[in-house]
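Reading through the structure tokens given below for one structure.
Residue numbers (the numbering used here): 24 to 141.
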């Protein structure tokens, strides 16, 4: 049993829900969610220890957005930034603590507030 505050959920129910979500794709249900909503659903699945289903939701809601409105660079370095290769090499000593991490992660932005307005 997984306990969430005052609620108990059978693990079988959690697993069944995660499997159901795993069949959804950008051409179906997940194209109706924006990235923010997808991240909320993914956070719930992640909290229920369904990490693969959470990653699937994030990728598919990104795929479901139109190309002119979705994050054009959803990949971040293993250390969590969008540094260029040159910037990454320049800061390699600072980032050495993360040497064993996966080099890139799929992590689309929820919004573009951090974009420069050049």
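Each residue gets a CB set at the ideal place from its N, CA and C atoms; glycine is no exception. Since the structure is predicted, the reported quantities are computational estimates derived from the model, not experimental observations.
For residue j and residue i, believed in contact at Cβ under 8 Å, the rounded distance
i          : j          : result
residue 79 : residue 45 : 6 Å
residue 68 : residue 41 : 6 Å
Distance CB(residue i)-CB(residue j) smaller than 8 Å
i           : j          : result
residue 109 : residue 96 : no
residue 131 : residue 91 : no
Nonlocal neighbours in the same chain, by C-beta distance under 6 Å from residue i, ignoring five residues either side
i           : result
residue 65  : 77, 80, 81
residue 112 : none
residue 51  : none
Contact set for residue i: own chain, Cβ-Cβ below 7 Å, skip 5 residues either direction
i           : result
residue 54  : 87
residue 133 : 58, 59, 62
Beta-carbon proximity list for residue i, same chain, < 8 Å, skipping 5 on both sides
i          : result
residue 35 : none
In DSSP terms, what residue i is bridged to
i           : result
residue 128 : 99
residue 81  : Note: residue 81 sits in no beta bridge, so no partner.
Sufficient close CB pairs (3 or more, under 8 Å) joining the stretch 82 to 94 to the stretch 49 to 65:
yes
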